[in-house]
Structures are given as C-alpha cells and as structure tokens.
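Engineer:
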Amino acid sequence: MNDKEDRLQRLTAVRPRLVSFALMHLRDRSQAEDAVQEAMMSAIEKNESFAGRSGYETWVFGILKYKILDTMRVQKRHGRWQPLEDEDEDDAIDRQFQQNGRWQESARPSSWGEPEATFENEHFWQVFDACMIALPDNAARVFSLRELMGLSTEDICRELDIKENNCWVILHRARLRLRACIEKGWLKGETA
Amino acid sequence: MMMMCKEATRLMSLKQDRPLTFQERISLRLHLSMCGACRECDRQFTLLHEAGEKFVPEHDPDTKVEPDKKDDPEQDDDGR
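Here the protein sequences come in this chain order: A and B. Sequential numbering from 75 applies to the first sequence in our numbering. Sequential numbering from 53 applies to the second sequence in our numbering.
1. Measuring CA to CA, which of A/L261, A/D229, A/M223, A/E257 is closest to A/L100?
2. Bridge partners for A/W177 per DSSP, in chain order?
3. Going by C-alpha to C-alpha distance, which of B/C93, B/M64, B/M86 sits closest to B/R77?
4. Starting from the C-beta of B/D124, find all residues in its chain whose C-beta is less than 7 Å away, skip the five residues before and the five after it, and write them out in chain order.
5. Alpha carbon to alpha carbon, what distance is there between A/K78 and A/I236?
6. Measure the beta-carbon distance from A/D30 to A/S116 and round it to whole angstroms, keeping in mind my assumption that it falls under 8 Å.
7. I'd like to know whether the C-beta of A/L252 is nearer than 8 Å to at least one C-beta of chain B.
8. Just the chain B side, please: which residues come within less than 9 Å of A/A175 by C-beta, in chain order?
9. Please list the segments of the alpha helix (DSSP H) lying wholly inside the stretch 76-131 of chain A, counting only runs of 4 or more residues, in order along the chain.
10. Using a 10 Å radius around the Cβ and a threshold of 16 neighbouring Cβ atoms, would you call B/D94 buried or exposed?
11. The alpha helix (DSSP H) that contains B/D94, what's its start and end?
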C-alpha cells in the first residue's frame with residue numbers, strides 16, 4: 075500500500091481542491107486555509123487510522139468536512155452571518171423570468187452538452203468555482219452543505235437553525251443563480 | 053391550470069432535495085413535456101447536483117475501490 079511519503083505528496087497535490095472546497099462553505103479565505111491546515115495535520119497524525127476502505131483523498135475530505143462544520147458553528151455564534159430568514163425578493167432571479175412566469179428570452183436555458191464531457195472540461199470547473207464565489211453568502215452556504223457536503227435539507231436546517239421550507243427556497247434561488255452564471259461564463263465564454 | 057416555468061423550476065429544484073409528491077410529479081412532468089427550456093433547466097439542476105458529488109474524489113486514481121459513497125472517515129474525535 076501507500077507509504078507515508080506517498081501520502082504526503084498526495085496531500086500536497088489535493089490541497090488546492092481542499093481549499094476551494096472549504097472556501098465555498100466558509101466564504102473567508104483565511105478561515106478556509108486554517109480549516110484545511112488543521113485537516114491536513116489531523117490526516118498526518120492519524121495516518122495509521124486510514125483503513126483504505128475509501129480513497130485516501132476521500133478520507134481527507136471527510137476530515138475537512140468536520141472542520142468546516144466546526145468553523146461554521148463558530149462563525150454563526152460570532153454573528154458573522156446575515157439572518158437566514160429574511161432573504162429578500164431576489165432581483166437576480168426575477169430577471170430570469172417574465173411577469174407571467176415564463177423564461178426571459180435572454181435567460182432561456184440552453185444545452186450544456188453531455189455531463190461526462192462537461193465534467194472532464196477544466197474550464198467548466200473554473201467557471202463553477204467562480205460562480206460559487208459569486209453567490210450571495212447564505213445561498214452559497216446552504217448550497218454547499220447540500221450539494222458539496224451531501225447533507226439532507228433536514229440536517230442543514232438543524233445546523234443553521236432555519237425552517238426546511240426556507241432551505242428549499244434558498245436552494246431554488248441558489249440553483250437558478252448558479253445555472254445562469256455558469257451558462258454565461260461557460261457557454262458564452264464571459265467571465266463570471 | 054397550467055404551471056408556469058418559474059414554478060416548474062421550483063419543483064425541479066425541490067426534486068433534488070426530497071421526493072416529489074404524486075401531484076407535484078405529475079404537474080412537473082406535464083410542464084416538461086411541453087417546455088424545452090425547462091427540460092434544459094432540469095438537466096442543469098441535475099448536473100449541478102452531480103458536480104457536487106464529483107467535487108469530492110470518490111476514489112484514488114490508482115487504487116480502485118468500489119465506490120463506497122458517503123463514506124465517513126474512520127475518525128471519531130474530530131468533532132471538537
């Protein structure tokens with residue numbers, strides 16, 4: 075199996091992805107770097123406890139997830155978040171639809187091609203990253219917890235202390251914003 | 053009464069988070085059967101969901117293990 079050297083190298087290699095993952099949740103560069111730092115330290119300390127059931131990188135991401143949740147709790151306790159309940163009507167979303175609820179001509183979704191090809195495209199991930207950063211903080215947090223961390227909306231609500239209905243509304247808006255941003259940046263090649 | 057695109061996107065989003073009720077499923081399917089733009093949006097939401105899963109590496113490039121989905125790391129005292 076892998077020796078220590080090899081794992082250290084893999085840690086270094088996966089670090090940029092760990093940082094961008096943490097950043098999407100925490101919305102703060104230095105806190106994201108700290109969480110990743112701690113996760114990497116834990117991984118090194120607990121090297122022996124990696125059983126190899128999952129991939130090493132997956133295991134490290136797993137450790138980072140706990141660090142992120144911890145940091146989020148601290149952020150929340152320190153009042154660093156805007157209230158989650160009063161999300162105002164969202165102009166950016168309303169701009170995608172006409173009064174009567176149909177798509178605006180300029181916002182009509184077009185095809186992104188085959189998912190497999192899309193995921194292999196480096197540029198797609200750059201745009202994805204940029205569009206995640208461009209999301210409003212709350213939308214980004216809820217979306218990240220749901221789609222990147224894979225928590226259920228029930229768990230997210232418990233974590234963030236909001237109603238599940240509120241969670242669904244935030245996710246709906248986050249997805250609409252993301253899709254518009256990605257479509258613009260990716261298909262039309264504009265910078266997000 | 054016919055559901056409009058904006059409302060349809062609400063159901064498409066919801067679908068990613070919880071199973072739709074029978075009624076919701078029928079209305080969404082009806083709308084999608086008639087609206088190409090919403091069919092694309094539906095695919096995009098699904099793709100965003102899959103992108104989230106892809107972001108975290110499922111397995112190492114060199115050691116093939118059976119994808120052991122949301123595998124919790126063997127760590128227990130990390131919550132502090």
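For each residue, glycine too, the CB sits at the ideal point set by N, CA and C. Source: prediction; values computed, not measured.
Structural biologist: Working from what's here:
1. For the purposes of this step, residue 100 of chain A is taken as the residue at position 26 of the first sequence. Closest by alpha carbon: A/M223.
2. Looking up residue 177 of chain A in the first sequence gives position 103. Partner(s): A/F171.
3. Here residue 77 of chain B refers to the residue found at position 25 of the second sequence. Of the candidates B/C93, B/M64, B/M86, B/M64 places its Cα closest to the Cα of B/R77.
4. Along the second sequence, one-based indexing puts residue 124 of chain B at 72. Note that B/D124 has pLDDT 44, beneath the 50 cutoff, so the model's placement of it is unreliable and the number below is only indicative. Answer for B/D124: no residue qualifies.
5. Indexing the first sequence from 1 puts residue 236 of chain A at position 162. Indexing the first sequence from 1 puts residue 78 of chain A at position 4. A direct Cα-Cα distance of roughly 43 Å separates A/I236 from A/K78.
6. The structure shown does not extend to residue 30 of chain A, since chain A is modelled only from 75 to 266, so the question has no answer here.
7. Counted from its first residue, the first sequence places residue 252 of chain A at position 178. Look at A/L252: its C-beta is under 8 Å from a C-beta on chain B.
8. One-based indexing of the first sequence puts residue 175 of chain A at position 101. The question names Ala, but residue 175 of chain A in the sequence shown is Gly. Simply M55, M56, C57, K58, E59, A60.
9. Counting only runs of 4 or more, we get 78-100, 103-119.
10. Mapped onto the second sequence, residue 94 of chain B falls at position 42. Buried.
11. Locating residue 94 of chain B in the second sequence gives position 42, counting from the first residue. First-last of the alpha helix (DSSP H) with B/D94: 88-107.
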